[in-house]
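Written out below as structure tokens is the structure these notes cover.
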Amino acid sequence: RKEVEQDPGPFNVPEGATVAFNCTYSNSASQSFFWYRQDCRKEPKLLMSVYSSGNEDGRFTAQLNRASQYISLLIRDSKLSDSATYLCVVSGVTGGGNKLTFGTGTQLKVEL
Amino acid sequence: NAGVTQTPKFQVLKTGQSMTLQCAQDMNHNSMYWYRQDPGMGLRLIYYSASEGTTDKGEVPNGYNVSRLNKREFSLRLESAAPSQTSVYFCASRTRARNYEQYFGPGTRLTVT
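If you read the sequences in order, they're chains W and Z.
So my numbering is basically just the index in the first sequence, starting at one, shifted up by 32.
So my numbering is basically just the index in the second sequence, starting at one, shifted up by 8.
And the structure:
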């Protein structure tokens, strides 16, 4: 079983739609959780951290369910510029949480 | 601030050739990382350096060596390149901040023929 699993997509949605991605992780001792965004042929960039209480940043909402070991990202009112690959990222337990484990990403395409 | 910089941006090598990928950060970060990204595989950690003077193996270290030259610079060396090392290589760094956010360089696209 992969340490971090995501549906690769692609998710094709019309502009203005709401779309949700889920991610599951295998290590129950994982400490920190993130969503990164990666545009085609670019480096990953942090979109948002994911906190136990859930957190929101504009049109983006992230949730963490430790009991079920999954993380979600909700994007409301999708924009064309949201088209990208979204990486679910979990911090490693070894090395004092010094390492991140990346999912393979979920591709989002927002269409007119 | 430039953030994390990597050189070169592109490189083509022949099997058996060697090269060093350079990475530098100007954010005074303690930890630095080298990843490779292949289609369908996600980012995989090659080596990391938790602080100046230390390096540790990641998930896929075979065929690579690293040097943490100083706090700013972390280089990745391929001693004898193989076609299986064709990939996109990303360097990253982070602070000791609790949220463990990593900042990535723009990547090096390496092709080994």
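We put the beta carbon where it would ideally sit given N, CA and C, even for glycine.
Under a 10 Å Cβ-count criterion, K111(W) is classified as exposed, with fewer than 16 other Cβ atoms of the shown protein chains found around its own Cβ.
Not one beta carbon of chain W lies nearer than 8 Å to the beta carbon of L118(Z). For Y56(Z), the enclosing beta strand (DSSP E) has its first and last residue at 50 to 57. The three-state secondary structure of S113(W), taken from DSSP, is helix. In its chain, beyond the 5 residues on either side, K141, E143 have a beta carbon closer than 7 Å to the beta carbon of N44(W). Remark: C-beta atoms of E35(W) and S58(W) approach each other more closely than 8 Å. Classified as buried, A100(Z) has 16 or more neighbouring CB atoms from the shown chains inside 10 Å of its CB. Comparing alpha carbon positions, the residue from P114(Z), G71(Z), Q25(Z), V120(Z) closest to Q33(Z) is P114(Z). Put simply, the backbone Cα of F112(Z) is about 22 Å away from that of S62(W). DSSP, reduced to helix, strand and coil, places Q93(Z) within a helical segment of the structure shown. Contacts with chain Z at 8 Å (Cβ-Cβ) do not include T117(W). Annotation: the continuous beta strand (DSSP E) that includes D89(W) extends over 87 to 89.
Using a CB distance cut-off of 8 Å, G50(Z) counts as an interface residue toward chain W. Unbroken beta strand (DSSP E) stretches of 3 residues or longer found wholly inside the region 42 to 89 of chain W: 43 to 46, 51 to 57, 65 to 70, 77 to 82, 87 to 89, given in chain order. Q95(W) and C31(Z) have their C-alpha atoms roughly 34 Å apart.
Taking each of P42(W), T56(W), E37(W) in turn and checking the Cα distance to Q139(W), the smallest one comes out for P42(W). Interface criterion not met: the Cβ of Q25(Z) is under 8 Å from no Cβ in chain W.
The C-alpha of V74(Z) lies about 10 Å from the C-alpha of Y41(Z). For A100(Z), the three-state secondary structure derived from DSSP is strand. Residue state for V120(Z) is assigned as strand, using DSSP reduced to three classes. Shown in chain order are the members of the region 76 to 87 of chain W whose Cβ falls below 8 Å from a Cβ of chain Z: P76, K77, L78, S81. About 7 Å separates the beta carbon of N38(Z) from that of A58(Z), a gap short enough to meet the 8 Å contact definition.
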